[in-house]
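Heads up, the thing below is written out as structure tokens.
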DNA sequence: CTTATTACGCAACACCGTTGCTATACGCTG
DNA sequence: CAGCGTATAGCAACGGTGTTGCGTAATAAG
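Protein chains in written order, with the UniProt record's numbering: chain A, 1 to 387; chain B, 1 to 387.
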């Protein structure tokens with residue numbers, strides 16, 4: 001099951017690096033890619049030839065830039081691949097169609113009935129996919145990403161206990177949806193999906209970031225060291241259940257003085273300023289621990305008061321973090337607005353196939369102890385991790 | 001400057017995977033490595049041959065396990081490489097000599113004068129290296145790792161403002177020490193070094209972890225997704241300055257109700273139980289946000305009361321984390337005891353050379369925009385990242 | 001027209017892990 | 001003790017990666 005570092009990895013990695021550069025440039029040439037990736041120009045030619053053959057990239061004329069032979073210019077073909085993303089919230093289903101560059105081409109939003117069942121969600125998803133997929137030629141649809149409230153298990157694709165949804169305990173949603181839709185499906189926590197989307201658009205500078213989402217609860221999607229961080233049980237990001245007032249009011253989680261409780265109480269009584277300042281305390285706590293460079297504030301309950309939240313959090317980041325000159329963190333709202341989660345889920349799907357691999361996994365638990373060797377012969381012909 | 005994914009990367013990566021498996025096994029054979037790494041047995045033979053040539057590995061007889069030709073058995077040569085680690089605390093300098101397996105061979109501890117200067121530290125380091133290095137043959141010493149209180153800049157090797165040390169502002173310690181000692185030097189925050197060491201010993205299961213260190217302040221070393229996480233400005237881990245009581249007593253950092261302040265006050269009045277419970281609140285906060293699978297409690301102020309702290313934290317982790325059955329986190333004290341930081345710094349040095357590479361970096365800031373291409377020709381012959 | 005410059009791309013190359021196959025060493029069987 | 005089945009080691013050829021060397025093409029400048 002372990003993926004070794006072989007030539008396939010090399011090829012995929014370099015292909016993905018080129019796509020990554022191409023994705024954020026309208027057009028590009030060989031020298032640009034070469035200096036950006038560290039590959040030799042000749043290697044870039046080979047990579048680009050592969051990508052052209054796959055239809056992901058196409059020639060786009062030449063550029064004269066003074067003396068010398070003009071450089072061949074290429075561009076990513078946006079409509080060569082599509083992905084659909086779905087944001088499953090407690091009462092609404094938002095779905096988007098995204099192209100290979102991450103551009104959102106179409107959005108549909110619909111209500112979900114209270115306490116909707118898995119079957120009902122599948123119906124809605126299928127209907128949405130039908131409407132959105134019609135717009136793109138078949139075979140070019142990479143898959144469907146689903147961003148949903150947790151707790152859920154990303155690795156297994158199972159919803160453990162969706163917060164405040166009765167019918168969602170240990171539901172193998174990824175498998176169910178894949179079968180129903182006939183497409184690859186990725187299941188992720190809403191906040192994780194969102195931060196993937198934001199990172200996909202923001203580029204390599206966006207290495208360490210948190211997406212704070214205030215929407216029936218407060219969660220944080222973490223993007224650490226250039227990839228999504230989900231934690232040991234893929235349940236990282238329960239940011240709202242950070243205690244900031246040890247003797248505070250009780251929270252549904254059983255503890256006292258959770259950020260979420262304090263925040264929601266303030267917001268419920270219309271005190272946006274206090275709510276924002278409470279959130280800011282949590283954000284500064286997060287910065288102290290994680291030293292992220294970017295904080296993105298999102299969520300249906302926050303965005304209507306975005307200005308107030310931005311100001312409160314920015315002020316706190318500037319004044320309450322020691323050596324804030326050095327430890328500067330950029331605080332913004334999502335580039336994708338209300339579509340963050342859905343679009344992020346779509347980009348997560350694209351990222352799976354066309355993004356940079358996380359790297360071959362180190363030797364896994366396959367052998368706890370090397371000392372006492374294989375009892376059973378096992379199959380020495382290790383399955384190749386197919387692309 | 002960007003490191004592309006080339007054949008060198010492949011080789012180094014697979015060499016490191018084999019070393020990683022070998023490091024934790026007294027002896028190993030080809031089949032074991034093959035199944036643990038996913039490489040074919042033949043590839044393992046080539047890798048092992050390289051490692052034998054480098055002196056890192058040596059044959060260790062054969063093993064008969066019934067029918068068939070006996071398997072060739074190898075073992076890592078512990079004394080083929082050494083590293084020295086130093087833990088620079090506010091009043092003491094602790095240095096260790098570690099071999100390639102991570103075994104601590106020797107420890108020396110000495111006092112540091114109040115408000116010691118960089119020059120004084122260099123003297124002490126040089127003396128310590130002299131005493132420790134004498135025990136190992138020259139040329140086999142990989143380098144010196146330094147774990148120190150922050151804030152400091154790991155990437156640049158510069159101490160920004162060592163906490164409560166007057167002479168330590170923007171001191172380029174890595175460069176100074178490298179010149180003085182004539183050896184490669186790595187500078188890291190104490191907690192980061194510590195968690196690297198713990199991870200180096202614990203193996204691949206130890207993928208997401210936090211080392212909480214209580215020692216004139218409270219910090220957290222983070223090991224996320226199988227590698228050290230240091231943050232956007234390499235200053236992650238200021239765990240003690242998480243506010244857990246918004247109206248609490250003021251902290252030196254300027255905020256109110258920091259974990260560290262509440263904890264230290266309790267400890268100062270001898271109330272270990274309360275101190276431990278305060279720390280536990282922070283640990284659960286951390287678990288909610290990061291979902292790490294392992295928590296290591298360390299530090300000179302904690303270890304004397306280890307039992308009390310372990311119990312308080314374990315209880316909190318078991319009872320205050322929702323779905324604690326699923327989100328189990330193991331709480332321990334460091335396998336290396338009081339040597340964690342120093343030994344971890346040494347292993348960080350070993351990890352640099354013989355550990356798994358983090359993976360080739362994605363296209364860096366080299367080109368912000370690919371659209372408008374190179375102004376200057378630049379040197380296309382990218383320097384190869386030498387091993 | 002000639003020259004310098006810049007970029008492209010074929011072909012040969014070095015080196016990686018993989019595959020096919022043979023040689024070797026053992027337990028077992030008769 | 002010879003023959004067989006089995007498990008392992010390792011040589012040799014292979015496919016495929018990025019790299020290097022070098023000839024070719026296209027442009028501006030003289």
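Where is the CB? At the ideal position from N, CA and C, for every residue including glycine.
Checking the sheet assignment: what are the DSSP bridge partners for residue i?
{"i": "residue 87 of chain A", "result": "A:94 and A:147"}
{"i": "residue 331 of chain B", "result": "B:295"}
{"i": "residue 110 of chain B", "result": "B:93"}
{"i": "residue 220 of chain B", "result": "B:212"}
{"i": "residue 136 of chain A", "result": "According to DSSP, which records beta bridges pairwise, residue 136 of chain A is partnered with nothing at all."}
{"i": "residue 152 of chain A", "result": "A:159"}
{"i": "residue 189 of chain A", "result": "A:148"}
{"i": "residue 28 of chain A", "result": "A:74"}
{"i": "residue 141 of chain B", "result": "B:82"}
{"i": "residue 58 of chain A", "result": "A:75"}
So for residue i, helix, strand or coil by DSSP?
{"i": "residue 14 of chain A", "result": "helix"}
{"i": "residue 80 of chain B", "result": "helix"}
{"i": "residue 365 of chain B", "result": "Bear in mind that a pLDDT of 37 at residue 365 of chain B, under 50, signals an unreliable position, so the number given afterwards is only what the model happens to contain. Coil at residue 365 of chain B, not helix or strand."}
{"i": "residue 63 of chain A", "result": "strand"}
{"i": "residue 105 of chain B", "result": "strand"}
{"i": "residue 238 of chain B", "result": "coil"}
{"i": "residue 322 of chain A", "result": "coil"}
{"i": "residue 99 of chain A", "result": "strand"}
{"i": "residue 250 of chain A", "result": "strand"}
{"i": "residue 167 of chain B", "result": "coil"}
{"i": "residue 256 of chain A", "result": "strand"}
{"i": "residue 228 of chain A", "result": "strand"}
{"i": "residue 48 of chain B", "result": "helix"}
{"i": "residue 244 of chain A", "result": "coil"}
{"i": "residue 233 of chain A", "result": "coil"}
{"i": "residue 207 of chain A", "result": "coil"}
When we look at the beta-carbon of residue i and count the other beta-carbons within 10 Å, is it buried (16 or more) or exposed?
{"i": "residue 326 of chain B", "result": "exposed"}
{"i": "residue 7 of chain A", "result": "exposed"}
{"i": "residue 219 of chain A", "result": "buried"}
{"i": "residue 32 of chain B", "result": "buried"}
{"i": "residue 288 of chain B", "result": "buried"}
{"i": "residue 70 of chain A", "result": "exposed"}
{"i": "residue 234 of chain B", "result": "buried"}
{"i": "residue 264 of chain B", "result": "buried"}
{"i": "residue 208 of chain A", "result": "buried"}
{"i": "residue 247 of chain B", "result": "exposed"}
{"i": "residue 16 of chain A", "result": "buried"}
Tell me, to the nearest whole angstrom, how far the beta carbon of residue i is from that of residue j; I am working on the premise that it is less than 8 Å.
{"i": "residue 213 of chain B", "j": "residue 190 of chain B", "result": "7 Å"}
{"i": "residue 203 of chain B", "j": "residue 346 of chain B", "result": "Rounded, the Cβ-Cβ distance is 18 Å, inconsistent with contact."}
{"i": "residue 260 of chain B", "j": "residue 217 of chain B", "result": "6 Å"}
{"i": "residue 230 of chain B", "j": "residue 154 of chain B", "result": "5 Å"}
{"i": "residue 142 of chain B", "j": "residue 350 of chain B", "result": "6 Å"}
{"i": "residue 308 of chain B", "j": "residue 317 of chain B", "result": "Residue 308 of chain B to residue 317 of chain B, Cβ: 15 Å. No contact."}
{"i": "residue 356 of chain B", "j": "residue 13 of chain B", "result": "7 Å"}
{"i": "residue 188 of chain A", "j": "residue 232 of chain B", "result": "No, residue 188 of chain A and residue 232 of chain B are not in contact; Cβ-Cβ is about 23 Å, not under 8 Å."}
Beta-carbon within less than 6 Å of residue i's beta-carbon, same chain only, minus the 5 sequence neighbours each way: which residues are those?
{"i": "residue 332 of chain A", "result": "296"}
{"i": "residue 249 of chain B", "result": "261"}
Near residue i, what residues of its chain come up, given a Cβ to Cβ distance below 8 Å and the 5 sequence neighbours on each side ignored?
{"i": "residue 91 of chain A", "result": "111, 112 and 114"}
{"i": "residue 321 of chain B", "result": "284, 287, 288, 327 and 329"}
{"i": "residue 243 of chain B", "result": "255, 256, 257, 258 and 259"}
{"i": "residue 64 of chain A", "result": "70"}
{"i": "residue 48 of chain B", "result": "18, 30, 33, 57 and 74"}
{"i": "residue 335 of chain B", "result": "198, 201 and 202"}
{"i": "residue 78 of chain A", "result": "99, 100, 101 and 103"}
{"i": "residue 281 of chain B", "result": "244, 259 and 316"}
Once the 5 residues before and after residue i are set aside, which same chain residues still bring their CB inside 7 Å of it?
{"i": "residue 165 of chain A", "result": "90 and 115"}
{"i": "residue 181 of chain A", "result": "125, 126, 129 and 144"}
{"i": "residue 72 of chain A", "result": "29, 30, 59 and 62"}
{"i": "residue 151 of chain B", "result": "160, 161 and 235"}
{"i": "residue 120 of chain B", "result": "113"}
{"i": "residue 157 of chain A", "result": "172, 173, 174, 175 and 187"}
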